[in-house]
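Student: This note's numbering applies: residue 103 is where the sequence shown begins, and numbers increase by one.
Cβ atoms here follow ideal geometry from the backbone N, Cα and C, with glycine treated the same way.
Input: one structure, supplied below.
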Amino acid sequence: MIPLSVARARRPMPVLFLVADTGGGHRSAANAVTEALAEAYSGEIDPICCDPLGGPESPAILRWVTGLYGPAIRLAPRVWGAIYRATDSPAAMRLVHRTLLALAERPTKEAVARHQPAAVVSFHPLLTATAVKASDGRPVVTVVTDLVTTHVAWRYAGVDRVLVPTAAVRWRFHLDGVEAPRCVETGLPVAKSSGPPTQSERAALRRRLGVGERRLLIVLTGGGEGSGGIARRAAALLRWLDDIEVVVICGRNRRLERTLARRAGDRRPERARTAAKRPERPTRQNAGNRLIVKGFVDNMADWLRCADVVVTKAGPGTIAEATCAGAPLVLIEHLRGQEDGNVELVVGAGAGREAASVGALVRQIDELRHDPAALGAMRAASARLGRPDAASRVAAELAELVGLATRAADANDG
Ligand code: UDP
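Shown next as structure tokens:
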């Protein structure tokens, strides 16, 4: 029998992760770090995810406002951009924290009291200050999930450590006087995958996913909310280019999924379900077998790895994941404000191209399908941009912060 003191010593240390499902990137990053912690510190750290903005413990009004994010970026992206800019100042954020975001404090404090975490980690800009206020003196970490532009909400002063995805974000914190070791460039955490595939791995993956192997495969996605005029773009690609196959990943956008399912010849679209995490639905294809429509998938890395080209809005999570898969990118849209700079990052590195209009997208894909050398160069540049070790680097930082590395060193000394 294990003595009680040893059993106690072995109990994993809870660490509270604060996320929100505005888009898919914040939760994906938290999930990737959870996976990395399980791999490297299994039984030592126990990450607990909490959503104080849209979760069941949050006040109804806050959940309602949080739920507006998806429709706002899909239907009124300019209005969203204006809100982003209007709140990007310390004075404006103070007001938002005193009013709307004050509602997130109670569920966060309750989670801290319930779990007694060794640290609180914010993966969302709107939860950074909340994390500090609710932490009750525990260390607070911010994991920044925007690649270039860094809203003032990310840069709340009372945080103990800031883990950033790129040199551009590190520079922004440097301007605020936040330097190493408080600010560490880890990369943006992405789920573990097997990296850029070889030709034969890609072919095997396509067989497994039920995708044709002969045609150029376009994976079209608009982040967790399925934004960026995806239906129009899919229709134009299929209409004008007859030797391509298109997989559309609709995320939580049920309307897009239903529209495309009808177009793909499925007369019985499923009734809307609201759960964010629902099982993957079966593949639907049209008569020509050139359109595949998926809802919210939980195997994004597979789809990115088997693509010839990933067409996406300039979401940081999708960019980070696509580069880890070495996939060439065509960026169709960026959210004003938070995704400013992402297109330059990708295009500047040679990993992708920009195609803001539907016509430009058709032209770019038409060019690329006849230019395997250009595609190969983009593939190589994309892989160079990828940072597959980001999640394990974040995990190591958290372990060090809660004293695990020190404990290991002490054990070795002893
Ligand atoms: N995602 C997913 N399944 C889907 C659609 C999206 O897992 O069906 C994930 C995707 O892999 C990425 C995130 O959602 O990790 C989208 O993040 P991004 O930063 O690109 O855009 P956001 O949705 O946050 O605006």
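#1: In this structure, how does DSSP classify residue 116 when only helix, strand and coil are distinguished?
#2: So is residue 120 buried or exposed if we call it buried at 16+ other beta carbons inside 10 Å?
#3: Closer than 7 Å: is that where the CB of residue 428 sits relative to any heavy atom of ligand 1?
#4: Expressed to the nearest angstrom, what Euclidean distance is found between the alpha-carbon atoms of residue 93 and residue 404?
#5: For the alpha helix (DSSP H) holding residue 148, just list the boundary residues, first then last.
#6: Rounded to whole angstroms, what is the Cα-Cα separation between residue 428 and residue 201?
#7: Considering only DSSP beta bridges, list what residue 433 is partnered with.
#8: With a threshold of 7 Å (Cβ to nearest heavy atom), would residue 327 be considered close to ligand 1?
#9: Whose C-alpha, out of 267, 323 and 363, is nearest the C-alpha of residue 490?
#10: For residue 250 and residue 270, what's the separation of their Cα atoms in angstroms?
#11: For residue 261, does the three-state DSSP call read helix, strand or coil?
#12: Using only alpha-carbon positions, find the residue among 435, 482, 421 and 442 that is nearest to residue 253.
#13: Output the boundary residues of the beta strand (DSSP E) element that contains residue 170.
#14: Provide the residue span of the beta strand (DSSP E) that contains residue 395, from first to last.
#15: Please confirm whether any heavy atom of ligand 1 lies closer than 7 Å to the CB of residue 464.
#16: With a 10 Å radius around its C-beta and 16 neighbouring C-beta atoms as the bar for buried, classify residue 97 as buried or exposed.
#17: Determine the burial state of residue 131: buried for a count of at least 16 other Cβ atoms within 10 Å of its Cβ, exposed for fewer.
#18: Looking only at its chain, what residues have a beta carbon closer than 6 Å to the beta carbon of residue 505, apart from the 5 residues adjacent to it on each side?
#19: For ligand 1, is there a heavy atom less than 7 Å away from the beta-carbon of residue 400?
#20: Is it the case that the CB of residue 351 approaches a heavy atom of ligand 1 more closely than 7 Å?
#21: For residue 494, which three-state DSSP category applies?
#22: Can you tell me the Cα-Cα spacing of residue 183 and residue 302, whole angstroms?
#23: Please report the distance separating the alpha-carbon of residue 424 from that of residue 207.
#24: Please report the Cβ distance between residue 408 and residue 481, rounded to the nearest whole angstrom; I am assuming they are in contact, meaning their Cβ atoms lie under 8 Å.
#25: Please confirm whether residue 209 and residue 173 have their CB atoms less than 8 Å apart.
#26: Report the CB separation of residue 244 from residue 232 in whole angstroms; it is logged as a contact under 8 Å.
#27: CB of residue 268 to nearest heavy atom of ligand 1: below 7 Å?
#28: Is DSSP giving residue 408 helix, strand or coil here?
#29: Taking residue 232 as part of the beta strand (DSSP E), name the residues at either end of that continuous run.
#30: Is the beta carbon of residue 503 sitting closer than 8 Å to the one on residue 263?
#31: Residue 219 and residue 520 - do their beta-carbons sit closer together than 8 Å?
#32: Does any heavy atom of ligand 1 sit closer than 7 Å to the C-beta of residue 224?
#33: Which residues in the same chain as residue 145 place their Cβ atom closer than 6 Å to its Cβ, once the five residues preceding and following it in sequence are excluded?
#34: From which residue to which residue does the beta strand (DSSP E) around residue 191 run?
#35: Is it right to say residue 163 is buried, meaning 16 or more other beta carbons lie within 10 angstroms of its own, or is it exposed?
#36: Among the residues of its own chain, which have a CB less than 6 Å from the CB of residue 190, if the five just before and after it don't count?
Tutor: Short version:
#1: strand
#2: buried
#3: no
#4: Residue coverage of the chain in this structure runs from 103 to 516, which leaves residue 93 outside it and unanswerable.
#5: Here residue 148 belongs to no alpha helix (DSSP H); instead the beta strand (DSSP E) covers 147-152.
#6: 43 Å
#7: 414 and 456
#8: yes
#9: 267
#10: 6 Å
#11: coil
#12: 442
#13: Where residue 170 is concerned, there is no enclosing beta strand (DSSP E), given that its DSSP letter is neither H nor E.
#14: 393-396
#15: no
#16: Nothing about residue 97 can be reported from this structure: the residues present for the chain run from 103 to 516 only.
#17: buried
#18: none
#19: yes
#20: yes
#21: helix
#22: 43 Å
#23: 35 Å
#24: Actually they do not touch by this definition, with Cβ atoms about 13 Å apart.
#25: no
#26: With a Cβ gap of about 11 Å, residue 244 and residue 232 do not count as contacting.
#27: no
#28: helix
#29: From DSSP, residue 232 is part of no beta strand (DSSP E) but of the alpha helix (DSSP H) over 230-236.
#30: yes
#31: Given that the chain is displayed from residue 103 to residue 516, the structure contains no residue 520 and the question cannot be resolved.
#32: no
#33: 114
#34: That residue, residue 191, is in no beta strand (DSSP E); it is neither H nor E in DSSP.
#35: exposed
#36: 253 and 254
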